[in-house]
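Novice: Per UniProt numbering, the sequence shown starts with residue 1, numbered consecutively. Ideal Cβ placement from N, Cα and C applies to all residues, glycine included. Have a look at this one.
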Amino acid sequence: MDLRTREKILAVCLEKIKQKGDGVQVSFYAFFANKNDDPITLMNVARWWIEEHQLNHFEKATKIYAMVESIKDKSLDKTTSY
């Protein structure tokens, strides 16, 4: 996962939690515009969500936030998405 994607996921999860509380759920689509303007990043996040972690379509934002926050800075890829 690249740093930009990580920061976007964390920001969206925090915003959803602030708006709707700890029980709010998100799908990986929540991190993207309704346009398919970044298909590579979309597919990389989908793979991370579905293949790597076998998450349900909707998961609690608090769970996703914790998972993404736990990714160590040194493991973040600054050049490619995933």
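From the DSSP output, read off the bridge partner residues of Gln25.
Specialist: Answer by DSSP bridge pairing, in chain order: Lys60.
Novice: Just confirm the distance between the C-beta atoms of Phe28 and Val45, as a whole number of angstroms; I'd bet it's less than 8 angstroms.
Specialist: Yes, they are in contact, since the Cβ atoms of Phe28 and Val45 sit about 5 angstroms apart, within 8 angstroms.
Novice: How many Å lie between Pro39 and Met1 at the Cα?
Specialist: If you take the alpha carbons of Pro39 and Met1, they lie about 14 angstroms apart.
Novice: Candidates Ala61, Ser70 and Ile71: which alpha carbon is nearest Asp24's?
Specialist: It is worth fixing the name first, because residue 24 is Val in this sequence and not Asp. The shortest C-alpha separation from Val24 is found at Ala61.
Novice: Of all the options Leu3, Leu10 and Lys35, which has the alpha carbon lying nearest to the alpha carbon of residue 83?
Specialist: Residue 83 lies beyond the stretch modelled for the chain, which goes from 1 to 82, so this question has no answer here.
Novice: Quick one: give me the first and last residue of the alpha helix (DSSP H) that Asn34 is part of.
Specialist: First-last for Asn34: undefined, no H or E at that position.
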